[in-house]
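Read the structure below first, then the notes.
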Amino acid sequence: MQGAGIDAMLNSLADIAPDLGRFAVEFPYGDILCRPGLDLKSREIATVAALTALGNAPVQLNGHISMALNVGCTREEIVEVITQMAVYAGFPAALNGMAVAKEVFAAIDRERAMQQ
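Each residue of the sequence shown is one higher than the one before, starting from 2 at the first, in the working numbering.
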């Protein structure tokens, strides 16, 4: 779970719908992602695929691409997962997903360059 992204989402809902924020964290992370049967890498691959296919969740896709990298997915695997979604979700969804992946990769590269 990306702490800063989750905190930003919770803060944005605190004054209008705090329960929605709580549900958005507790259900997926407390009930679904902790289930047995898939390792974290497989879960994140599935999540990146699903969010890409939705085509309308760039903020969430950004966070889950970052999480996928943090649990061992390679950039090449993420690119391939998004590419595969062109068949099932259409080229617009896959192209939008790839744009998000490029943003994530570029942000990571900038951060690494600043640390050197």
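Heads up, the beta-carbon is just placed ideally off N, CA and C, and yes, glycines get one too.
Of the listed residues the options, nearest to residue i (C-alpha basis)
i, options, result
"E104", "L62, S43, M115 and V26", "L62"
"I66", "N57, Q116 and V80", "V80"
"A69", "S43, V60 and F92", "S43"
"V49", "L11, G6 and M86", "M86"
"M99", "F24, D32, T53 and L41", "T53"
"P93", "A15, D110, P59 and G38", "P59"
Rounded separation between residue i and residue j - CA only
i, j, result
"I83", "E45", "12 Å"
"M2", "C74", "For M2, the predicted model reports a pLDDT of 48, less than 50, meaning its position is unreliable and no value from the coordinates is stated."
"A107", "L96", "16 Å"
"A102", "V72", "16 Å"
"A9", "V26", "12 Å"
"A114", "Y30", "32 Å"
"I17", "C35", "29 Å"
"A47", "D20", "26 Å"
"G56", "E77", "20 Å"
"G6", "G64", "7 Å"
"F28", "Y89", "26 Å"
Coil, strand or helix - residue i by DSSP
i, result
"P19", "helix"
"G64", "helix"
"T75", "coil"
"A58", "coil"
Residue interval of the alpha helix (DSSP H) (run including residue i)
i, result
"N97", "F92 to Q116"
"E45", "L41 to L55"
"G123", "Residue 123 falls outside the range modelled here, since the chain spans only 2 to 117, and no answer is possible."
Below-8 Å beta-carbon distance, residue i vs any chain D residue
i, result
"F28", "Absent from the structure: chain D. Only one protein chain is present."
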